[in-house]
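Peer 1: Got a structure for you, written out below as structure tokens; questions coming shortly.
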Amino acid sequence: MRKKIVAGNWKMNMNLNEGMALADGLNEYFKANPLSGKEVILCTPFIHLGMVGGLLTAPGLTFGAQNCNDHKSGAYTGEVSASMIRSTGAGSVILGHSERRTLYGENDELLESKTAEALRNGLRVIFCCGEVFAEREGNIHFDVVKRQLEKGLFGLSAEDFRRCVIAYEPVWAIGTGVTASPAQAQEMHSFIRGLVEKKYGKETAGDTTILYGGSCKASNAAELFANSDVDGGLIGGASLVKEEFCSIVNSL
Ligand code: PEP
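Using the numbering used here, read the sequence shown as starting at 1 and increasing by one per residue.
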């Protein structure tokens, strides 16, 4: 069955104490206000993972990382492997975020290996795709997203693919305050579901969770989530403020 999810991408924000305080506050909130079937994933910096897991007791409240290395282990100074992430109790990892693609040169091939390594280690992958503004203006946004999914994700077996969540994040909307309109989000999500159907069949497409990300906040979440192919959100800036994030979750 298709799952409703809100994932918070903390990016490179908050020291350990601040992160623990936020996680603790969210845990208390979702204990008092049960998620009833929805899932909330806190995607924290690596340093928080080992501690945050111990704080989360509210049903449906889980945690994950924002990146992993594509190798199993070895001489990769400064890197963190999927198995290390999994050993903290984390259940998910974001891969293919536009900041990783742009700032750290992560390409489709690397993301394909990272995805395989994450899945091999029991992590669910939140796989991001999305076009930059010039690509939308040039009307090639569908082609770009199709390529990112075909190259990064569609090499997976159906069984492995079913352990992935797709996040559509138009790059022009990330951290800019400009959000895709509900119609633009629905149009792309429906296109993505169509691609999944062509590759993996109707049942898998119907079960695939597709999140929207890009300046989603309390004031616009409900209208984005109201669309039939938008199954939740990947939230950056607004995930750092407890009340704002809880309000977004409640909109789902
Ligand atoms: C993100 O980084 O995944 C994101 C959606 O950021 P923001 O919500 O801040 O636009």
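Think of the CB as a built atom: it goes at the ideal place given N, C-alpha and C, for glycine as much as any other residue.
Just so you know, these numbers come straight off a predicted model, no measurement behind them.
With a threshold of 6 Å on Cβ separation, who are the neighbours of Lys217 within its own chain once the five nearest residues in sequence on each side are excluded?
Peer 2: Ala238
Peer 1: Give a single yes or no on whether Gly64 has its beta carbon closer than 6 Å to a heavy atom of the ligand PEP.
Peer 2: no
Peer 1: Nearest CA to the CA of Glu187: which residue from Met14, Glu109, Gly130?
Peer 2: Gly130
Peer 1: For the structure I just gave you, are there three or more beta carbon pairs, one from the segment 45-55 and one from the segment 126-141, closer than 8 Å?
Peer 2: Counting C-beta pairs closer than 8 Å gives fewer than three between the segment 45-55 and the segment 126-141, which falls short of the contact rule.
Peer 1: Considering Cα atoms alone, identify which of Gly175, Gly177, Ser219, Ile41 is closest to Ile94.
Peer 2: Ile41
Peer 1: Which class does Leu103 belong to by DSSP, given the choice of helix, strand or coil?
Peer 2: helix
Peer 1: List the endpoints of the continuous alpha helix (DSSP H) containing Leu49.
Peer 2: Counting along the chain, the alpha helix (DSSP H) containing Leu49 begins and ends at 46-55.
Peer 1: Who are the near neighbours of Glu99 in its chain, counting only those whose CB is closer than 8 Å to its CB and skipping five residues on each side?
Peer 2: If we look at Glu99 and ignore the five residues flanking it on each side, its Cβ neighbours are Lys11, Ile174.
Peer 1: Ser219 to Thr179, Cα distance in whole Å?
Peer 2: 11 Å
Peer 1: Report, in whole angstroms, the separation of the C-beta atoms of Leu240 and Met20, which I expect to be a contact under 8 Å.
Peer 2: So it is not a contact: roughly 14 Å between Cβ atoms.
Peer 1: When you compare only the Cα positions, how much space is there between Leu149 and Arg162?
Peer 2: 14 Å
Peer 1: Whose CA, out of Cys128, Ala116, Cys43, lies closest to the CA of Val145?
Peer 2: Out of Cys128, Ala116, Cys43, the CA that lies nearest to the CA of Val145 is found in Cys128.
Peer 1: Assess, as a yes-or-no matter, whether the segment 114-129 is touched by the segment 79-87 under the definition of 3 or more beta carbon pairs within less than 8 Å.
Peer 2: yes
Peer 1: Check the C-beta distance from Thr57 over to Asn17 and give it rounded, since I have them as a contact under 8 Å.
Peer 2: Actually they are not in contact, since the Cβ atoms of Thr57 and Asn17 sit about 19 Å apart, beyond 8 Å.
Peer 1: Give the list of continuous alpha helix (DSSP H) stretches no shorter than 4 residues that lie fully inside the segment 200-230.
Peer 2: Entirely contained in the segment 200-230, the alpha helix (DSSP H) runs reaching 4 residues are, in chain order, 202-207, 221-225.
Peer 1: Would you mind giving the Cβ-Cβ distance between Ile126 and Ser92, rounded to the nearest angstrom? I have them listed as a contact below 8 Å.
Peer 2: Right, the Cβ-Cβ distance comes to about 6 Å (below 8 Å), so this counts as a contact.
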